[in-house]
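Q: Its first residue numbered 430, the sequence shown is counted upward by one per residue in the working numbering.
Ideal Cβ positions, reconstructed from N, Cα and C, are used throughout, including at glycine.
Since this is a predicted model, take the numbers as computed values, not measurements.
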Amino acid sequence: MLIKKPEPIRAAEITDEQTYLNRRTFMRAGVLAASAVATGALYKGLLPPGTEEAAGEAVARKSVDGEALTPYADVTSYNNFYEFGTDKYSPARRARDFPARMAAGVSGGEPWTIAVEGLVQRPRTFDLDELTRLAGGAEERVYRLRCVEAWSMVIPWLGFPLAKVLSLVEPLGSARYVAFESLADPRQMPNLRGAGLDFPYVEGLRLDEALHPLTLLATGLYGKALPGQNGAPVRLVVPWKYGYKSIKSIVRLRLTDTQPTTTWNLSAPREYGFYSNVNPEVDHPRWSQANERRIGELFRRPTEMFNGYADEVGALYAGMNLRTNY
Ligand SMILES: Nc1nc2c(c(=O)[nH]1)N[C@H]1C(S)=C(S)[C@@H](COP(=O)(O)O)O[C@H]1N2
Ligand SMILES: [Mo]
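#1: Can you give me the C-alpha to C-alpha distance between Gly-737 and Thr-691, rounded to a whole angstrom?
#2: Is the closest heavy atom of ligand 1 to the C-beta of Leu-640 under 7 angstroms?
#3: Quick one: grab the DSSP three-state call for Met-734.
#4: With distances taken between CB atoms, is the gap from Val-598 to Arg-523 smaller than 8 angstroms?
#5: Does the Cβ of Leu-461 have 16 or more other Cβ atoms within 10 Å, making it buried, or fewer, making it exposed?
#6: On the criterion of 16 or more Cβ atoms from any shown chain inside 10 Å, does Glu-638 qualify as buried, or is it exposed?
#7: Could you give the residue range of the alpha helix (DSSP H) that holds Trp-693?
#8: Check whether the Cβ atoms of Pro-520 and Gln-658 lie closer than 8 angstroms to each other.
#9: Let me know if Met-582 comes out buried or exposed under the rule of 16 or more other beta-carbons within 10 Å of its beta-carbon.
#10: Taking the straight line between their C-alpha atoms, what separation do you get for Phe-527 and Gly-748?
#11: Are the region 692-706 and the region 617-629 touching by the rule of at least three beta carbon pairs closer than 8 angstroms?
#12: Here's a check: name, in chain order, each residue in its chain whose Cβ is nearer than 6 angstroms to the Cβ of Leu-634, leaving out the five neighbours to either side.
#13: Can you find the residues in the same chain that come closer than 6 angstroms, C-beta to C-beta, to Asn-754, ignoring five residues on each side of it along the sequence?
#14: Look up Glu-741 in the DSSP assignment and give the residues it is bridged to.
#15: Which runs of the beta strand (DSSP E), 3 residues or longer, sit entirely within the region 604-632?
#16: Check whether the Cβ atoms of Leu-682 and Phe-728 sit closer than 8 angstroms, and answer yes or no.
#17: Which residue or residues does DSSP assign as beta-bridge partners of Val-545?
Right, here's the structure in full:
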């Protein structure tokens with residue numbers, strides 16, 4: 430996998446997270462400056478006025494505001510990935526060698542590709558390495574991830590803005606949404622029949638959400654390639670929405686003019702809406718969303734509107750009723 434930032438990748442071969450943090454302190458200023466510049470250049474004209482600048486700054490600020498990273502061991506052992514099991518610990522056991530199996534050709538074995546199709550000028554299937562290169566390489570982004578089950582983590586992702594991918598295929602004027610689809614391969618995934626969900630896992634974003642500079646296609650975390658349990662080799666990360674929007678092991682993107690079906694909305698429409706914005710004021714029908722358990726911490730903390738990204742993304746929902754559009 431081609432990644433633009435050779436130095437931190439090597440640094441992170443060291444699994445010790447404190448060492449990683451120390452190295453990171455030296456790296457991040459330069460990396461973030463570079464990403465802010467790239468972001469500014471790319472999104473001119475695609476976003477409502479004001480959003481672009483706010484988002485560029487956000488990337489830098491949210492990455493350096495001093496919140497402790499969730500330890501690597503927790504990020505990679507406490508997961509939701511129903512295709513590999515419905516409890517938190519099965520994915521780490523059952524998906525750990527998923528990327529290696531794919532690469533070795535034991536089952537599947539072809540290089541990972543993502544098809545980008547639908548309402549676009551240039552539909553295309555990308556090899557993931559090629560896509561990473563065309564997107565300008567992977568950069569580091571530290572984001573909070575807030576699961577709908579009221580726990581959260583802080584994760585240093587490696588990835589590139591989804592907007593870069595969309596610009597490569599040139600969305601048509603009629604495109605209003607992006608639909609995402611995960612791999613659903615019974616040779617790879619042991620729990621496609623046991624989860625009580627329809628697979629492939631599908632998700633969706635409004636086009637302006639998909640184009641927002643915070644929306645990331647992640648190929649790594651803690652400076653390393655994504656472990657299977659975290660959605661290898663490529664997954665979405667939408668930090669202001671509940672974790673289930675961040676669909677794993679993506680094989681297809683489709684630009685549409687109608688709102689895409691989403692797995693959790695299909696399974697329990699009253700509990701999981703299309704928007705799924707983190708909102709402490711709108712409780713899940715069966716539990717409160719007012720606070721959360723940060724994995725590794727003792728005391729619960731209050732949940733923030735849009736998971737703390739309100740300054741950057743609030744404008745996307747101006748005038749919308751966030752109780753009915755949950
Ligand atoms: N394909 C797929 N993607 C998925 C899921 C899943 O079960 N299948 N679970 C979601 C949920 S509920 C959460 S909270 C996040 C968890 O990501 P993490 O394990 O990397 O923390 O992945 C999301 N993406
Ligand atoms: Mo979740």
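A: Result, derived from the coordinates:
#1: 24 angstroms
#2: no
#3: helix
#4: no
#5: For Leu-461, the predicted structure reports a pLDDT of 40, less than 50, and the residue's modelled location is therefore unreliable. A value from the coordinates is still provided. With 16 or more other Cβ atoms within 10 Å, it is buried.
#6: buried
#7: 692-696
#8: yes
#9: buried
#10: 43 angstroms
#11: yes
#12: Val-607
#13: Tyr-704
#14: Answer is none; Glu-741 lacks a bridge partner.
#15: 606-611
#16: no
#17: Arg-553, Leu-682
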